[in-house]
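**Q**
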Amino acid sequence: MSTETNQTAQQGDGKTPLLEVRHVSKYFGNVVALNDISVGVSAGEVTCVLGDNGAGKSTFIKILSGVHRHDEGELLVDGEDTHFNSPREAKERGIATVFQDLATVPLMSIWRNFFLGSEPTKGAGPLRRVDVRWAQHTMVGELKKMGIDVRDPDQPVGTLSGGERQAVSIARAVYFGAKVLILDEPTSALGVKQSGVVLRYVAQARDRGLGVIFISHNPHHAYPVGDRFVILNRGRLVGDSRKGEISRDELIKAMSGGAELEALEHEIERVLDDAPASG
Amino acid sequence: MDKQPMASSGGAPATTSTGVAPPPPTPAGDERLAQISPMARILRRPEIGALLAAIVVAIFFWTQNSLFLKLDGIANWTDVASTIGIPAVAVALLMIGGEFDLSAGVMTGSAGLMMGILATEVGMNIWLAIVLTMIAAGAVGFLNGYMVMKTKLPSFIVTLGTFFILQGVNLGVTKAITNQVSVSNIDLASGYSSAQKIFGGNFWSPHDFQITVLWWIAVTAIGTWVLARTRVGNWIFGVGGDANAARNVGVPVMQVKIGLFMTTSLVAALTGIMIALRLASTQAGQGVGDEFQYIIAAVVGGCLLTGGYGSAVGASLGATIIGMAFIGIQFSGWNTDWRFLFLGVILLVAVLVNNYIRKRAEGARR
Chain A
1114 MSTETNQTAQ QGDGKTPLLE VRHVSKYFGN VVALNDISVG VSAGEVTCVL GDNGAGKSTF
1174 IKILSGVHRH DEGELLVDGE DTHFNSPREA KERGIATVFQ DLATVPLMSI WRNFFLGSEP
1234 TKGAGPLRRV DVRWAQHTMV GELKKMGIDV RDPDQPVGTL SGGERQAVSI ARAVYFGAKV
1294 LILDEPTSAL GVKQSGVVLR YVAQARDRGL GVIFISHNPH HAYPVGDRFV ILNRGRLVGD
1354 SRKGEISRDE LIKAMSGGAE LEALEHEIER VLDDAPASG
Chain B
13 MDKQPMASSG GAPATTSTGV APPPPTPAGD ERLAQISPMA RILRRPEIGA LLAAIVVAIF
73 FWTQNSLFLK LDGIANWTDV ASTIGIPAVA VALLMIGGEF DLSAGVMTGS AGLMMGILAT
133 EVGMNIWLAI VLTMIAAGAV GFLNGYMVMK TKLPSFIVTL GTFFILQGVN LGVTKAITNQ
193 VSVSNIDLAS GYSSAQKIFG GNFWSPHDFQ ITVLWWIAVT AIGTWVLART RVGNWIFGVG
253 GDANAARNVG VPVMQVKIGL FMTTSLVAAL TGIMIALRLA STQAGQGVGD EFQYIIAAVV
313 GGCLLTGGYG SAVGASLGAT IIGMAFIGIQ FSGWNTDWRF LFLGVILLVA VLVNNYIRKR
373 AEGARR
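For the protein sequence lines, the chains are A and B, in the order given. For the working numbering, add 1113 to where a residue sits in the first sequence, where the first one is 1. For the working numbering, add 12 to where a residue sits in the second sequence, where the first one is 1.
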């Protein structure tokens, strides 16, 4: 597996998407979790998957990352129909998922976390050992590319901020050859500034030629980095537009079920208008 | 996972920067990150508390009886410390991996008895008896680990079960075969003298250090090497710190944990064999309760009860403190019953200190 990403930064619409689903459905018993979803992401592009709680975002990610198998439709990697049997298979095909609960161990140092499961070694036989210096040096370099200056590679990850820990996860995924990065609500637990920092990492990953699928329920976070916006509602695709085709306000409206929100707005206004008159 | 993306040193950075946007404004050296002094670096080691405590305890008993720090005295307490320290290192690795083994103490008894019965009652060569005993110990460790991983029950409960099973077997089988609660005359078995030299002898006369001290140092060195410098060591920290996160990045969690249980059983059995060969006999009750001393040694040495943190050297320092206390109390002419009080106090202090360290290391965030 090469870690080189030879993709140029700008995506073309004619290119084969790195990862694509076509008419995918997923059932849990008699519950339709996803119904006829078609989404794709190309190199150097950020596809935002938006939706409120219960919209089917989690099920969608789990299909893409190999945790669940889809019941209907096709899952294509580089245009090739694929079924993932485990998250490991997805990872081997270059699809890395950074889950909400962060795949880092708080008590372990940054460099040990960065290489956990894929430690670089030197020497042979009983003297085969982890190349600590090289691992530390590489980790510091990789995080520097994300704009994080690690002074002490032995620092436990738990002492980093939430945003920095996201960055460690993202940097690790990129380093280990991910072509597609799936980010599950990376900003949901973060403050405003930290969210901005993570969005910057997303943009950087995109500029390095990765396809990014960014799952969020926050249109304010999705809009600045997204190239394409897909909106899920109750397991269905209710919107799919490119950046130029939709404004931020339209996106917010579409997400919350448009007409419903408008009706709610009018109602609130009426209540507010009536209040001084009656009192 | 054996293919490294870049296994050699000095490999080129892995990603090309194609059309990277202007680098984000990086603060010229984050001003919030204080420079780490060498002192702070030392203080961050898990075993530092145990080291300081060991020095204090040594000086204390030395003031009571100056023989304590003479070679003859040291030979005395390193004897006790080594037979606690050897299994404590394995227990520490297991605890770093996030699990417990309460059967480790009674395992020393089981191993001594099994070897003794095979050698005396069955008439086997002692070396063959040792090999069979180690195989049995490995199987017990495997069962411990397999049950814990399959049932997802706390290892505390599973190994408590093994503990009582082994204790029952030790008493029952020994009585049934020898009509006594002990196995003796192991020294009459063939191959005893060579095995005794390696596992139960002395060195450096006239001070007569026990050979177990050398084993102890070797086990500690191996444990330290594994934790600090091998891939498996990194996995041990990973599975203990957050098993799910470790699994997500491809660490074989089940194999690592079962391996740790087997290592603990094997090392405990080795200790039991050493004790039995030294005395040429074993009591059926041998080792019962010792598991707590191993755990205390590991915790005093900086291991967290919740896993993911600790060191092999720390566990050995913890064993040193226990050994010094046991012998020091004797040397000082006090009633030896006080040693349990001492153990309890030092355990509580260690847990409080570790708790504080953990909070700092985890940053109290999340």
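We put the beta carbon where it would ideally sit given N, CA and C, even for glycine.
DSSP three-state label for Asp302 of chain B, please.
**A** Taking the first residue of the second sequence as 1, we reach residue 302 of chain B at position 290. Helix.
**Q** Have a look at Phe1289 of chain A and Glu59 of chain B and give me their C-alpha separation to the nearest angstrom.
**A** Here residue 1289 of chain A is taken as the residue at index 176 of the first sequence, counted from 1. Here residue 59 of chain B is taken as the residue at index 47 of the second sequence, counted from 1. When rounded, the distance between both Cα atoms is 34 Å.
**Q** Can you grab the Cα-Cα spacing for the pair Phe304 of chain B / Gly1236 of chain A, in whole Å?
**A** By 1-based counting over the second sequence, the position of residue 304 of chain B is 292. By 1-based counting over the first sequence, the position of residue 1236 of chain A is 123. So the two alpha carbons sit approximately 38 Å from each other.
**Q** Using DSSP with H/G/I as helix, E/B as strand and the rest coil, what is His219 of chain B?
**A** In the second sequence, residue 219 of chain B corresponds to position 207, counting from 1. His219 of chain B: coil per DSSP, three-state reduction.
**Q** Curious, which full-length alpha helix (DSSP H) runs of at least 4 residues does the segment 122 to 169 of chain B contain?
**A** 138 to 163
**Q** Measure how close the beta-carbons of Ile1328 of chain A and Lys1170 of chain A come, nearest whole angstrom, since I'm counting them as under 8 Å.
**A** Locating residue 1328 of chain A in the first sequence gives position 215, where the first residue counts as 1. Locating residue 1170 of chain A in the first sequence gives position 57, where the first residue counts as 1. About 5 Å; that satisfies the 8 Å criterion.
**Q** Quick one: Cα of Asn1166 of chain A to Cα of Leu272 of chain B, how far?
**A** Within the first sequence, numbered from 1, the residue matching residue 1166 of chain A stands at position 53. Within the second sequence, numbered from 1, the residue matching residue 272 of chain B stands at position 260. Their Cα atoms are separated by approximately 42 Å.
**Q** Could you please give me the residues that DSSP links to Tyr368 of chain B through a beta bridge?
**A** Here residue 368 of chain B is taken as the residue at index 356 of the second sequence, counted from 1. DSSP, once it has assigned bridges, lists no residue as partnering Tyr368 of chain B.
**Q** If I measure Cβ to Cβ from Val1263 of chain A and keep anything under 8 Å in the same chain, skipping five residues before and after, which residues do I get?
**A** The residue labelled residue 1263 of chain A in the question sits at position 150 within the first sequence. Result list for Val1263 of chain A: Ile1223, Met1252, Val1253, Leu1256 and Lys1257, in chain order.
**Q** Rounded to a whole number of angstroms, what is the C-alpha to C-alpha distance between Glu1378 of chain A and Arg1355 of chain A?
**A** Taking the first sequence and counting its residues from 1, one reaches residue 1378 of chain A at position 265. Taking the first sequence and counting its residues from 1, one reaches residue 1355 of chain A at position 242. Each residue's Cα considered, the two are about 27 Å apart.
**Q** Nearest by alpha-carbon distance to Ile177 of chain B: which of B:Thr236, B:Phe73, B:Leu278 and B:Ser115 is it?
**A** Numbered from 1 along the second sequence, position 165 holds the residue referred to as residue 177 of chain B. When only C-alpha atoms are compared, the closest one is B:Ser115.
**Q** Of all the CB atoms in chain B, is at least one closer than 8 Å to the CB of Pro1219 of chain A?
**A** Along the first sequence, read from residue 1 onward, the residue named residue 1219 of chain A stands at position 106. Yes, Pro1219 of chain A lies at the interface with chain B (some Cβ there is under 8 Å from its Cβ).
**Q** Taking Arg57 of chain B as the query, report the chain A residues whose CB atoms sit under 8 Å from its CB, ordered along the chain.
**A** The residue given as residue 57 of chain B occupies position 45 in the second sequence. Within 8 Å Cβ-Cβ: nothing; Arg57 of chain B doesn't reach chain A, min ~10 Å.
**Q** What is the rounded straight-line gap between the Cα of Ala197 of chain B and the Cα of Thr171 of chain B?
**A** Locating residue 197 of chain B in the second sequence gives position 185, counting from the first residue. Locating residue 171 of chain B in the second sequence gives position 159, counting from the first residue. Residue identity differs from the one stated: residue 197 of chain B is Asn in this sequence, not Ala. A direct Cα-Cα distance of roughly 31 Å separates Asn197 of chain B from Thr171 of chain B.
**Q** Can you tell me whether DSSP reads Tyr1140 of chain A as helix, strand or coil?
**A** The residue labelled residue 1140 of chain A in the question sits at position 27 within the first sequence. If DSSP states are grouped into helix, strand and coil, Tyr1140 of chain A belongs with the strands.
**Q** Taking Tyr321 of chain B as the query, report the chain A residues whose CB atoms sit under 7 Å from its CB, ordered along the chain.
**A** Here residue 321 of chain B refers to the residue found at position 309 of the second sequence. Neighbours of Tyr321 of chain B on chain A, chain order: Leu1220.
**Q** Would you kindly report the start and end of the unbroken beta strand (DSSP E) that includes Asn347 of chain B?
**A** On the second sequence, position 335 is the one that residue 347 of chain B refers to. Here Asn347 of chain B belongs to no beta strand (DSSP E), and DSSP marks it neither H nor E.
**Q** Using three-state DSSP, classify Met119 of chain B as helix, strand or coil.
**A** In the second sequence, counting from the first residue as 1, residue 119 of chain B sits at position 107. It is helical.
**Q** Let's test the definition: count the other Cβ atoms within 10 Å of the Cβ of Glu1108 of chain A and tell me whether it reaches 16, buried, or not, exposed.
**A** No information on residue 1108 of chain A is available, as it lies outside the stretch 1114 to 1392 that chain A covers here.
**Q** Within 8 Å (strictly less), CB to CB, does Gly297 of chain B reach chain A?
**A** Taking the second sequence and counting its residues from 1, the one referred to as residue 297 of chain B is at position 285. With 8 Å as the cut-off, Gly297 of chain B does not count as an interface residue toward chain A.
**Q** What are the uninterrupted segments assigned as alpha helix (DSSP H) that are 4 or more residues long and contained completely in the segment 1317 to 1375 of chain A, given in chain order?
**A** 1332 to 1338 and 1361 to 1368
**Q** Using a Cβ-Cβ cut-off of 6 Å (strictly less than) and excluding sequence neighbours within five positions of Gly1348 of chain A, which residues of its own chain qualify?
**A** Position 235 of the first sequence, counted from the first residue, corresponds to residue 1348 of chain A. Around Gly1348 of chain A: Val1145, Ala1146, Leu1147, Asn1148 and Gly1169.
**Q** Taking a contact to mean a Cβ-Cβ separation below 8 Å, would you say Ile147 of chain B touches Gly203 of chain B in this structure?
**A** The count along the second sequence starts at 1 and reaches residue 147 of chain B at position 135. The count along the second sequence starts at 1 and reaches residue 203 of chain B at position 191. Contact: no.
**Q** Leaving aside the five residues before and after Asp113 of chain B along the sequence, list all residues of the same chain whose C-beta is less than 6 Å from its C-beta, in chain order.
**A** Reading the second sequence from its first residue, position 101 is the one you call residue 113 of chain B. Closer than 6 Å at the Cβ level, and outside the excluded window around Asp113 of chain B, lie Leu106, Thr171 and Thr276.
**Q** Nearest to Leu355 of chain B by CA position, among B:Phe221, B:Tyr306 and B:Val225, is which residue?
**A** Your numbering for residue 355 of chain B matches position 343 in the second sequence. Of the listed residues, the one whose Cα sits closest to Leu355 of chain B is B:Tyr306.
**Q** Are any of the Cβ atoms in chain B nearer than 8 Å to that of Arg1206 of chain A?
**A** Position 93 of the first sequence, counting from 1, holds the residue named residue 1206 of chain A. No, Arg1206 of chain A lies away from the interface with chain B (no Cβ there is under 8 Å from its Cβ).
**Q** Return the residues of the segment 136 to 152 of chain B that lie within a Cβ-Cβ distance of less than 7 Å from chain A, sorted by chain order.
**A** none
**Q** With 16 as the cutoff for other CB atoms within 10 Å, does Asn88 of chain B come out buried or exposed?
**A** Within the second sequence, the letter at position 76 stands for residue 88 of chain B. Buried: at least 16 other Cβ atoms inside 10 Å.
**Q** Please state the DSSP three-state secondary structure of Glu59 of chain B.
**A** As a working mapping, residue 59 of chain B is identified with position 47 in the second sequence. Residue state, collapsed to three classes: coil.
**Q** Enumerate, from N- to C-terminal direction, the unbroken alpha helix (DSSP H) stretches of 4 or more residues contained entirely within the segment 1196 to 1265 of chain A.
**A** 1200 to 1205, 1223 to 1228 and 1245 to 1258
**Q** Tell me whether Glu1380 of chain A sits in a helix, a strand or coil according to DSSP, three-state version.
**A** As a working note, residue 1380 of chain A is residue 267 in the first sequence. The answer is helix: DSSP assigns Glu1380 of chain A an H, G or I state.
**Q** On the DSSP letters alone, give me the boundaries of the beta strand (DSSP E) that Val1159 of chain A sits inside.
**A** For the purposes of this step, residue 1159 of chain A is identified with residue 46 of the first sequence, where counting begins at 1. Taken as a continuous stretch (DSSP letters only), the beta strand (DSSP E) holding Val1159 of chain A covers Glu1158 to Leu1163.
**Q** Using three-state DSSP, classify Leu1131 of chain A as helix, strand or coil.
**A** Stepping through the first sequence from its first residue, residue 1131 of chain A is reached at position 18. Three-state result, Leu1131 of chain A: coil.
**Q** Whose Cβ in chain B lies nearer than 8 Å to the Cβ of Glu1158 of chain A?
**A** For the purposes of this step, residue 1158 of chain A is taken as the residue at position 45 of the first sequence. Chain B residues near Glu1158 of chain A: none, gap ~13 Å exceeds 8 Å.
**Q** Measuring alpha carbon to alpha carbon, tell me which residue in B:Ala324, B:Thr190 and B:Val69 is nearest Glu133 of chain B.
**A** As a first step, residue 133 of chain B is located in the second sequence; it is residue number 121 there, counting from the start. Ranked by Cα distance from Glu133 of chain B, the options B:Ala324, B:Thr190 and B:Val69 are led by B:Thr190.
**Q** Tell me whether Pro1219 of chain A is buried or exposed, calling it buried when 16 or more other Cβ atoms sit within 10 Å of its Cβ.
**A** What you label residue 1219 of chain A is simply residue 106 of the first sequence in a count that begins at 1. Answer is buried; the Cβ neighbour count reaches 16.
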